[in-house]
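Following: one structure in structure tokens, then a few remarks.
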Amino acid sequence: MSPQKARLVADLVRGKPVDKALEILQFTNKKAALPIRKCLESAIANAENNEGADVDALFVEQILIDGGAVLKRFAARAKGRGSRILKRTSHITIVVAES
1 MSPQKARLVA DLVRGKPVDK ALEILQFTNK KAALPIRKCL ESAIANAENN EGADVDALFV
61 EQILIDGGAV LKRFAARAKG RGSRILKRTS HITIVVAES
């Protein structure tokens, strides 16, 4: 999905406690909510297992959506012409911290 569309969802959870952020993402009716939710769950698991953090005290300190590789595709047009379709991808970075 495009970074522009993913940032709309990321703005909803920035700065929120992780339990509240997961709840928001579960009920957000956007395609970008699922990959962001999976990334957040991974960040929570990493904080718990690697750092020994308390899950109840975690919040979303930082969430970044950067542009990834752009796939260029061809779309046929009238009179033998063609136009380019850009399939944009995103890199999601989530930092969680204890409050």
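Mapping the sequence shown onto our numbering, position 6 (from 1) lands on 6, and the numbers just tick up by one. Each residue gets a CB set at the ideal place from its N, CA and C atoms; glycine is no exception. The model shown is predicted, which means the values in this text are computed figures rather than measured ones.
Run through DSSP, which three-state label would S83 get? S83 falls in the strand class under three-state DSSP.
Just the Cα atoms here: how many angstroms apart are I44 and V96? Computed Cα separation, rounded: 7 Å.
Quick check: the Cα distance between L12 and G80, rounded to an integer number of angstroms? 44 Å
Since L22 and R37 should fall inside the 8 Å C-beta cutoff, what is the C-beta to C-beta distance between them, to a whole number of angstroms? 7 Å
Measuring CB atoms only, is the stretch 69 to 83 touching the stretch 24 to 36, in the sense that at least three cross pairs come out at less than 8 Å? no
Distance CB(V60)-CB(I94) smaller than 8 Å: In this structure, V60 places its C-beta atom within 8 Å of the C-beta atom of I94.
7 Å CB neighbourhood of R88 in its chain, flanking five on each side removed: S2, P3, G67, V70
With a CB to CB cut of under 6 Å and the five nearest residues on each side skipped, what residues in its chain are close to A10? I63, I65
Between which two residues does the beta strand (DSSP E) containing R73 stretch? 58 to 76
Bridge partners - S90, DSSP secondary structure assignment: G67
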